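Novice:
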Amino acid sequence: MLKLEKRPQPSRLWTWVTPILAVVITMLAGGALFAALGQDPVEAISTIFWQPLFGEFAFYYRPQLLIKGAPLVLIAIGLSLGFRAGIWNIGAEGQYIVGALAGAGVGLAFYPTESWVIFPLMVLAGAIGGWVWGTIPALLKLKFGTNEILVSLMLVYVAEQLLAAMALGLMKNPEGRGFPGSRNFRQYESAHNAELITGTGMHWGVVAAMIAVILAYVLLSRHILGYHIRLAGQAPKAARFAGVRSARLILFCLGTSGALAGLAGMFEVSGPAGQVSIDFNVGYGFTAIIVAFLGRLHPLGILLAGTLLALTYIGGELAQSNMGLPAAAIQLFQGMLLFFLLAVDVLTNFRVRLSRPEVA
């Protein structure tokens, strides 16, 4: 019979092998899912992972990797800091929305003024908006001992209602003939997050994501704060004896993850999305949780994982349009990735042993 035996310490090999194994298992299980839906599983997997990179219209879809991947990486970097410290922010989707509303609000307040200073102010407002929304569960945890998981998650629904109220009310385009949604930022040059190099998908959100990866790597590997974050997650009692101030760590991790999620929302609403709308949020805040864990909470791993999940977004849209696969099947396929990652991750801390049953 098979038996799990705890390892003396986590296996470094399996730490990095399990994400690859999870992707392979997800492909197999996803293929079975698509076959059950009456589709060719090989064609479906090929459409999701191969066509956007090497297909006939790859020249169009490749830049989308940067556009889709940037918010995922930016949000996941912030989440990973908290997850490493044992602080669980599940409400990045709400922080993403509030950051977008704060940034868009600044841009719309200046309309139709044209000035180079407007976009930097929007960036600042987006970061502050996300930071405020991320700090709420931190303060409630410190003051009343509430669970940051529940509070941050519940705030997502509050943010969604706020988004609907803004799209239908205060931020509604007065020239929009009654349709919900704000003015289009693509028509407002000073507030538009345009491509820096035409046709590449590179915009300021991509630049911010790259900077976040570099700073997070330096923080975790070279700075005392990064050491405190890792120590708090791996050995909470040792962290207390070492003088790590848990209150400051909670405020920093939740505030920083909120600020990065808010930035992602601001760059998205002023660029690819183009306007505040009821359906502005597309689940980046939740998908970024998968990205963070698939990347092993390591900045470089998150960069690769964000690219992979962006590929499933683009390929999933292709599969829906070309093969008629339902959107729910693509979302389930993405969810499988986290499920199988958590399942095979047990091999990092346990080894499988074959033992003989004891004879009475």
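For the sequence shown, counting from 1, position 97 maps to 97 in the numbering used here; every step adds exactly one. Just so it is clear, CB atoms sit at the ideal spot from N, CA and C, and this is done for glycine as well. Note that the structure is a prediction, hence the values are computed from the model and not measured.
Does the pairing of the stretch 44–53 with the stretch 99–114 give three or more beta-carbon distances under 8 Å?
Specialist: no
Novice: So which of Asp279, Leu168 and Ala44 has the shortest CA-CA distance to Met323?
Specialist: Ala44
Novice: Looking at C-alpha atoms only, which residue of Trp131, Ile214, Tyr111 and Ala164 is the closest neighbour of His192?
Specialist: Tyr111
Novice: If the criterion is Cβ atoms closer than 7 Å, does the pair Pro299 and Ala238 meet it?
Specialist: no
Novice: Would you mind reading off the limits of the alpha helix (DSSP H) that contains Leu74?
Specialist: Ala58 to Arg84
Novice: Are Ala319 and Leu311 closer than 7 Å when you measure CB to CB?
Specialist: no
Novice: Considering Cα atoms alone, identify which of Gly86, Ala164, Ala109 and Pro19 is closest to Phe252.
Specialist: Distances from the alpha-carbon of Phe252 to those of Gly86, Ala164, Ala109 and Pro19 put Gly86 closest.
Novice: Within the chosen definition, does the stretch 131–146 reach the stretch 284–297 through at least 3 CB pairs nearer than 8 Å?
Specialist: The stretch 131–146 vs the stretch 284–297: no contact.
Novice: Which class does Glu43 belong to by DSSP, given the choice of helix, strand or coil?
Specialist: helix
Novice: With DSSP as the reference, label Phe241 as helix, strand or coil.
Specialist: helix
Novice: From the DSSP secondary-structure annotation, give me the bridge partner or partners of Glu5.
Specialist: Arg351
Novice: By Cβ distance, which residues of its chain are closer than 8 Å to Val278, with the 5 residues on each side in sequence left out?
Specialist: Per the sequence shown, residue 278 should be read as Ile rather than Val. Answer for Ile278: Leu163, Ala164, Ala167, Leu168, Pro180 and Gly181, listed in chain order.
Novice: Nearest to Leu303 by alpha carbon, out of Gly69, Thr47 and Asn281?
Specialist: Gly69
Novice: Residue range of the alpha helix (DSSP H) that Thr135 falls in?
Specialist: Ile118 to Phe144
Novice: Could you tell me which whole alpha helix (DSSP H) segments of length 4 or greater appear in the stretch 269–326?
Specialist: 284–294 and 299–323
Novice: If you drop the 5 nearest sequence neighbours on each side, which residues of the same chain put their C-beta closer than 7 Å to that of Arg351?
Specialist: Glu5 and Arg7
Novice: Work out the CA separation of Val346 and Phe339 for me, nearest whole Å.
Specialist: 12 Å
Novice: Measuring CA to CA, which of Gly30, Arg12, Thr15 and Trp14 is closest to Leu431?
Specialist: No answer is possible for residue 431: it lies beyond the span of the chain, which begins at 1 and ends at 360.
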